[in-house]
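Novice: To start, I am sharing the structure in question, which I have written as structure tokens.
Numbering (our numbering), first residue to last: 393 to 592.
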């Protein structure tokens, strides 16, 4: 009799409680072994894992993340593209508020990494939408520009924050208004993306 051993894929996820909750929003039970960590130093304890996801990505993480290659390394990098970070990573849009969507914007220059990333996100009942490797993807660009316009309208006295938020939610069916988005995402991220886009 032949006994077939089915190997469970080990996935390490660097995250905080907010993004973890969003990532798990559609998942019921996970077949793979997910190791949740809260700081980058803990990655060294799990070097033998198959896939690494950094939802708290910062360019200061690059040296450690590059040492994990050629394994699949997925990073939450909205502002910076693969031309700036390195072509071997998979980028996703995991800004707060976006990760609970059933479709996640992503970019990769490697077909094998795409395949692995798709399998991993399918575990969380999420589908990856592959986009060109551009700063900001699509949705964060649009939301950031709307936030910018909302601040201009507020400064010009067009309306109040609450009224602008309500108008956007009613007019676009978005879950949040521009000021609510800004608070959820973090203005430093929005400013960073808008600055990046102005350079182009």
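For glycine and all other residues, C-beta sits at the position ideal for the given N, C-alpha and C. Here the structure is a predicted model, which means the values were calculated and not measured.
1) Should the segment 444-460 be called in touch with the segment 528-538, which here means at least 3 C-beta pairs below 8 Å?
2) Decide if the segment 434-445 is in contact with the segment 404-420; the criterion is three or more beta carbon pairs, one per stretch, under 8 Å apart.
3) Under 8 Å, with one C-beta from each stretch per pair, do the segment 566-586 and the segment 500-520 reach the 3-pair mark?
4) Alpha helix (DSSP H) containing residue 525: first to last residue?
5) In this structure, what does DSSP give as the bridge partners for residue 425?
6) Judging by CA-CA distance, which residue of 400, 480, 494 is the nearest neighbour of residue 419?
7) Would you check if the distance between the CB atom of residue 585 and the CB atom of residue 497 is smaller than 8 Å?
8) Which of helix, strand or coil does DSSP assign to residue 540?
9) Under a Cβ-count criterion, where at least 16 other Cβ atoms within 10 Å of its own Cβ denotes burial, should residue 486 be classed as buried or exposed?
10) With residue 572 as the anchor, note down where its alpha helix (DSSP H) starts and where it stops.
11) Going by DSSP, what residues sit across from residue 480 in a beta bridge?
12) Is residue 483 buried or exposed, if buried means 16 or more other CB atoms sit within 10 Å of its CB?
13) Quick one: grab the DSSP three-state call for residue 397.
Specialist: On the basis of the data shown:
1) no
2) yes
3) As far as the Cβ criterion goes, the segment 566-586 does not touch the segment 500-520, which means the pair count is below three.
4) Premise fails: residue 525 is in no alpha helix (DSSP H) and is neither H nor E.
5) The partner list for residue 425 (beta bridge, DSSP) reads 402.
6) 494
7) no
8) helix
9) buried
10) 570-577
11) Note: residue 480 sits in no beta bridge, so no partner.
12) buried
13) In this prediction, residue 397 scores a pLDDT of 44, lower than 50, which makes its location untrustworthy; the coordinate-derived value is nonetheless stated afterwards. Of the three classes helix, strand and coil, the one that applies to residue 397 here is coil, per DSSP.
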